[in-house]
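Participant:
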Amino acid sequence: QQKVQQSPESLSVPEGGMASLNCTSSDRNFQYFWWYRQHSGEGPKALMSIFSDGDKKEGRFTAHLNKASLHVSLHIRDSQPSDSALYFCAASERVPGTGSNRLTFGKGTKFSLIP
Amino acid sequence: NSKVIQTPRYLVKGQGQKAKMRCIPEKGHPVVFWYQQNKNNEFKFLINFQNQEVLQQIDMTEKRFSAECPSNSPCSLEIQSSEAGDSALYLCASSWDRNTGQLYFGEGSKLTVL
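Top line first, the protein sequences correspond to chains A and B.
For the first sequence, the residue numbers in this note's numbering are 61 to 175.
For the second sequence, the residue numbers in this note's numbering are 2 to 115.
1) List, from N- to C-terminal side, the alpha helix (DSSP H) runs of 4 residues or more that fit wholly inside the region 32–75 of chain B.
2) Would A/Thr-122 pass as a contact of A/His-135 if the rule is Cβ separation under 8 Å?
3) If we cut at 8 Å on Cβ distances, does B/Gln-53 have a partner in chain A?
4) If B/Arg-10 and B/Gln-51 are in contact, beta carbons under 8 Å, what's the gap, nearest whole angstrom?
5) Below 8 Å, how does it come out for the region 11–25 of chain B and the region 105–123 of chain A: are there three or more Cβ pairs, yes or no?
6) Which residues mark the beginning and the end of the beta strand (DSSP E) in which A/Asn-82 is found?
7) Do you know offhand how far B/Arg-23's Cα is from B/Ala-68's?
8) Which of helix, strand or coil does DSSP assign to A/Asp-138?
9) With a threshold of 8 Å between beta-carbons, can B/Asn-42 be considered close to chain A, or not?
10) Between the Cα of A/Ser-172 and the Cα atoms of A/Pro-141, A/Asn-161, A/Ser-152 and A/Thr-158, which residue gives the shortest distance?
11) Would you be able to state if there are at least three C-beta pairs under 8 Å between the region 154–174 of chain A and the region 85–92 of chain B?
12) In angstroms with no decimal places, state the Cα-to-Cα distance between B/Ile-6 and B/Thr-113.
13) List, in chain order, every chain A residue whose beta-carbon is nearer than 9 Å to that of B/Gly-86.
14) Closest to A/Phe-148 by CA distance: which of B/Asn-73, B/Gln-58 and B/Asn-42 is it?
15) By a C-beta neighbour count over all protein chains shown, 10 Å radius and 16 as the cutoff for buried, is B/Val-55 buried or exposed?
16) Between A/Ala-151 and A/Tyr-96, is the Cβ-Cβ spacing less than 8 Å?
17) Can the beta-carbon of B/Gln-57 be found less than 8 Å from the beta-carbon of B/Tyr-91?
18) Who are the Cβ neighbours of A/Lys-170 in its own chain at under 6 Å, not counting the five residues just before and after it?
19) Pull up the CB-CB distance for B/Trp-35 and B/Leu-104, whole angstroms please, since I reckon it's below 8 Å.
20) So with CB distances below 9 Å, who are the chain A contacts of B/Leu-78?
21) Along the region 84–113 of chain A, where does the CB come closer than 9 Å to a CB of chain B? Name the residues.
22) Indicate whether at least one CB of chain A lies closer than 8 Å to the CB of B/Phe-50.
23) Find the residues of chain A that neighbour B/Gln-37, judging by a C-beta separation of less than 7 Å, and give them in chain order.
24) Let me know if A/Pro-156 comes out buried or exposed under the rule of 16 or more other beta-carbons within 10 Å of its beta-carbon.
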């Protein structure tokens, strides 16, 4: 079973609309979560991280974390053409014996705007 | 624009050939990661370094994969004998801290094994 599961696989909304992307972890060793965005032909770029229960807002993006259920979501409001991309949830865990963390990525949600 | 520089952007190799990719991390970042992203967009962690030291690595199955980050030279990832299943986007990322999850990715090297 994948440690980080994302849904939906793909999502389309009209320009100016709101979108919700979901991510669930099966491992309580994960310390915090990241959302990354990858445009076609580019490498992923970090959008935001969250490690406390509740909401974290950055511009048009709001992340929500429920530690009890290990559920993270990303909400995009006022969707813009530049938001069309792959969105990845990534969980960070301490790797024993290394003194460092490692990111485990979900399979991604393909987000696009309805023309 | 990515500040992590990966070369080459595209590699085409025949089965059994060597494939080598290079990465210059963002200036001042001591931690470097290599990930493999397959055609289904799935990420696979390969190895990471802090300066020249390996922090973590997968088994590097069959020992075909090797990587290094020498001092004052680009980091590199090499596949000794390419297989069709190695076709993927190889992403290098750097970070200023081994504990943070904020990685700065390059644009990747896309390997196609014929």
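Note that CB positions come from ideal geometry on N, CA and C, so glycine has one too.
Facilitator: Reading from the atomic positions:
1) none
2) Looking up residue 122 of chain A in the first sequence gives position 62. Looking up residue 135 of chain A in the first sequence gives position 75. Yes; because the gap between Cβ atoms is below 8 Å, this pair is in contact.
3) Here the question's residue 53 of chain B lines up with position 52 in the second sequence. No, B/Gln-53 lies away from the interface with chain A (no Cβ there is under 8 Å from its Cβ).
4) By 1-based counting over the second sequence, the position of residue 10 of chain B is 9. By 1-based counting over the second sequence, the position of residue 51 of chain B is 50. Rounded, the Cβ-Cβ distance is 26 Å, inconsistent with contact.
5) no
6) One-based indexing of the first sequence puts residue 82 of chain A at position 22. Looking at the DSSP string, the run of the beta strand (DSSP E) that includes A/Asn-82 is 79–85.
7) Position 22 of the second sequence, counted from the start, is the residue given in the question as residue 23 of chain B. Position 67 of the second sequence, counted from the start, is the residue given in the question as residue 68 of chain B. Near 10 Å, if we compare the C-alpha coordinates of B/Ala-68 and B/Arg-23.
8) The count along the first sequence starts at 1 and reaches residue 138 of chain A at position 78. A/Asp-138 falls in the coil class under three-state DSSP.
9) Mapped onto the second sequence, residue 42 of chain B falls at position 41. By the rule that beta-carbons nearer than 8 Å mark a contact, B/Asn-42 touches chain A.
10) Within the first sequence, numbered from 1, the residue matching residue 172 of chain A stands at position 112. Selected option, being the one with the closest Cα: A/Pro-141.
11) No contact exists between the region 85–92 of chain B and the region 154–174 of chain A.
12) As a working note, residue 6 of chain B is residue 5 in the second sequence. As a working note, residue 113 of chain B is residue 112 in the second sequence. B/Ile-6 and B/Thr-113: Cα-Cα distance of roughly 20 Å.
13) On the second sequence, residue 86 of chain B is found 85 positions in, with the first residue counted as 1. Correct list: empty, because the minimum Cβ distance to chain A is about 18 Å.
14) As a first step, residue 148 of chain A must be located in the first sequence, where it is residue number 88. For A/Phe-148, the nearest C-alpha among the options comes from B/Asn-42.
15) If you number the second sequence from 1, residue 55 of chain B lands on position 54. Per the 10 Å Cβ criterion, exposed.
16) Position 91 of the first sequence, counting from 1, holds the residue named residue 151 of chain A. Position 36 of the first sequence, counting from 1, holds the residue named residue 96 of chain A. At the C-beta level, A/Ala-151 and A/Tyr-96 stay beyond 8 Å of one another.
17) Here residue 57 of chain B refers to the residue found at position 56 when the second sequence is read from its first residue. Here residue 91 of chain B refers to the residue found at position 90 when the second sequence is read from its first residue. No, the Cβ-Cβ distance between B/Gln-57 and B/Tyr-91 is not below 8 Å.
18) If you number the first sequence from 1, residue 170 of chain A lands on position 110. Around A/Lys-170: Ser-70 and Leu-146.
19) Locating residue 35 of chain B in the second sequence gives position 34, where the first residue counts as 1. Locating residue 104 of chain B in the second sequence gives position 103, where the first residue counts as 1. Under the criterion of beta carbons closer than 8 Å, B/Trp-35 and B/Leu-104 do not qualify as touching, at roughly 11 Å.
20) Sequence index remark: in the second sequence, residue 78 of chain B carries index 77 (1-based). The premise fails here: B/Leu-78 is roughly 15 Å from chain A at the closest Cβ pair, so nothing lies under 9 Å.
21) Gln-91, Tyr-92, Phe-93, Trp-94, Tyr-96, Gln-98, Gly-101, Glu-102, Gly-103, Pro-104, Lys-105, Ala-106 and Ser-109
22) Taking the first residue of the second sequence as position 1, residue 50 of chain B is located at position 49. It does not: the Cβ of B/Phe-50 has no partner Cβ on chain A nearer than 8 Å.
23) Walking along the second sequence from the start, residue 37 of chain B turns up at place 36. Neighbours of B/Gln-37 on chain A: none; closest Cβ ~11 Å, over 7 Å.
24) To locate residue 156 of chain A, count along the first sequence from 1; it is residue 96. Its Cβ having fewer than 16 others within 10 Å, A/Pro-156 is exposed.
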